[in-house]
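**Q**
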Amino acid sequence: MNTDPASTRPTAAELDLLQVLWRLGPADAKAVHEALLPDRPDATYATVLRQLQVMHGKGLLTRDESQRPQRYAPVQAQDKLQQSLVKDFIAKAFAGSGKALVLAALKNHVSAKERAEIRQLLAKNGDQP
Numbered sequence: 001m002n003t004d005p006a007s008t009r010p011t012a013a014e015l016d017l018l019q020v021l022w023r024l025g026p027a028d029a030k031a032v033h034e035a036l037l038p039d040r041p042d043a044t045y046a047t048v049l050r051q052l053q054v055m056h057g058k059g060l061l062t063r064d065e066s067q068r069p070q071r072y073a074p075v076q077a078q079d080k081l082q083q084s085l086v087k088d089f090i091a092k093a094f095a096g097s098g099k100a101l102v103l104a105a106l107k108n109h110v111s112a113k114e115r116a117e118i119r120q121l122l123a124k125n126g127d128q129p
């Protein structure tokens with residue numbers, strides 16, 4: 001298993017499969033394939049199975065080989081992986097500034113409703129570090 005942090009960063013396709021597994025919980029390749037089809041109708045079972053095997057090799061997934069079919073599960077919880085990816089993204093794209101990321105996101109990617117929710121969240125948690 002490869003433990004180089006850069007090589008264990010999921011690709012966009014791998015993130016799609018992780019999203020499915022976070023939603024389903026441990027699942028076999030057939031269940032992952034079926035859950036993926038609404039968003040990626042071009043995905044074949046063979047491709048999904050191969051990708052799950054590659055992700056296992058990269059250390060992104062565990063594989064329970066004690067039952068048939070084998071079941072795959074993410075190694076990291078969704079929030080932990082997301083935090084790690086955001087941290088790397090901030091470091092690379094925003095010179096380490098979380099403020100720059102937030103300002104860029106607020107500029108064009110947040111609806112009025114989302115802005116109101118963010119204001120409420122900030123007001124509620126304003127005293128926390």
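Going by full-length UniProt numbering, 95 is the number at position 95 of the sequence shown; the sequence numbering is gapless.
Cβ coordinates follow ideal geometry from the N, Cα and C atoms, glycine included.
Have a look at K58, Q67, K107 and flag the residue whose alpha-carbon is nearest the alpha-carbon of D28.
**A** For D28, the nearest C-alpha among the options comes from Q67.
**Q** Below 8 angstroms on the Cβ atoms is my contact criterion, and I expect L49 with L61 to pass it. Report the Cβ-Cβ distance as a whole number of Å.
**A** Not really, about 12 angstroms apart at Cβ, beyond 8 angstroms.
**Q** In whole angstroms, what is the alpha-carbon distance linking F89 and M55?
**A** If I take the Cα positions, the gap works out to 21 angstroms.
**Q** Give the DSSP-derived three-state secondary structure of L61 in the structure shown.
**A** In the structure shown, L61 sits in a strand (DSSP, three-state: E or B).
**Q** Are the CB atoms of R40 and D64 nearer to each other than 8 angstroms?
**A** No, Cβ-Cβ distance for R40 and D64 is not below 8 angstroms.
**Q** Thinking L18 and P10 are a contact (beta carbons under 8 angstroms), I'd like their distance in whole angstroms, please.
**A** Going by Cβ atoms, the distance from L18 to P10 rounds to 6 angstroms, so yes, they are a contact pair.
**Q** When burial is assigned at 16 or more other CB atoms within 10 Å of the CB, is K58 buried or exposed?
**A** Buried, because 16 or more other Cβ atoms sit within 10 Å of the Cβ of K58.
**Q** Do you know whose CA, among D42, K99, G96, Q76, lies nearest P26's CA?
**A** Closest option to P26, Cα to Cα, is Q76.
**Q** How far does the alpha helix (DSSP H) with R115 in it reach, from first residue to last?
**A** Per DSSP, R115 belongs to the alpha helix (DSSP H) from 112-124.
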